[in-house]
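Asks: Please find one structure pasted underneath; my questions will follow.
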Amino acid sequence: MADPRARHERRCRLHREASPAAARHPRRSGAAPARLIAAAPATFLRQDWPRLLVMDKRRRLFAASLIVAVTAEAANAAPAILGNWVAEDGTRIAVKPCGPAVCATIASGAFRGANVATVSGALPEWKGRVRDPRKDQSYDGSLRLNGRKLELRGCLARVFCRTVQTWSRP
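Here the sequence shown is numbered in full-length UniProt numbering, starting from 1 and rising by one per residue.
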């Protein structure tokens, strides 16, 4: 094994030969010339690992901040089902947030103000309780977004499910 001082002198000589204009110390010269890296790659990596770690930390910090920004934006985005809808029979339905869930309320017609659905979830299907105001009964059900249509599905005993109504944007 060579003397550490001799290795240091060799690295300095290689560095001066590779870049005569930058006759400074190889550890303080910024990017190392290709010839220096080729001559002693293990030494080069040992010398520059703190600089590489700092760069890696910056990249990780940038990636983490980007992820936080994207997820915060997604969390603040309103669900696509919110707003006004029209049922097949012309009844208007207002879908609004109610606490952590989303509620669908009849906005016009004989059952105005009646809650039709209380669901939670995310695209494309929100699951919860669906209510039939005519029979005054509640069922397990869901609202499913299908393009510009919103399908209201009801399930009896969680086995027999069918689309009860299809709503569209006014």
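Quick reminder that beta carbons are idealized off the backbone N, C-alpha and C, glycines included.
Which one of G109, R144 and A110 has the shortest CA to CA distance from T118?
Replies: With distances taken between Cα atoms, T118 lies closest to R144.
Asks: Thinking residue 172 and S142 are a contact (beta carbons under 8 Å), I'd like their distance in whole angstroms, please.
Replies: One cannot answer for residue 172 here, as it falls past the ends of the chain, which runs 1 to 170.
Asks: Spatial neighbours of R112 within its chain, please: CB distance less than 8 Å, with the 5 preceding and 5 following residues excluded, ordered by chain position.
Replies: Within the same chain, R112 has close Cβ partners I106.
Asks: Classify V159 as buried or exposed, calling it buried when 16 or more other Cβ atoms lie within 10 Å of its own Cβ.
Replies: Classification for V159: exposed.
Asks: Return the residue from the list L61, L14 and T91 that minimises the CA-CA distance to P133.
Replies: Answer by Cα proximity: T91.
Asks: Could you give the distance in angstroms between the alpha-carbon of R60 and the alpha-carbon of Y139?
Replies: Taking the straight line joining both Cα atoms gives about 48 Å.
Asks: Could you compute how far the alpha carbon of P100 sits from the alpha carbon of S120?
Replies: Between P100 and S120, the C-alpha separation is close to 7 Å.
Asks: Would you mind working out which of A114, V130 and V95 sits nearest R169, comparing C-alpha positions?
Replies: If we check each option's Cα against that of R169, V95 comes out closest.
Asks: Give the range of the beta strand (DSSP E) segment to which I93 is assigned.
Replies: Where I93 is concerned, the enclosing beta strand (DSSP E) stretches over R92 to C98.
Asks: What residue range does the beta strand (DSSP E) around F160 cover?
Replies: Start and end: F160 to S168.
Asks: Who are the near neighbours of A104 in its chain, counting only those whose CB is closer than 6 Å to its CB and skipping five residues on each side?
Replies: Taken in chain order, the residues that qualify are I93, V95, V116 and A117.
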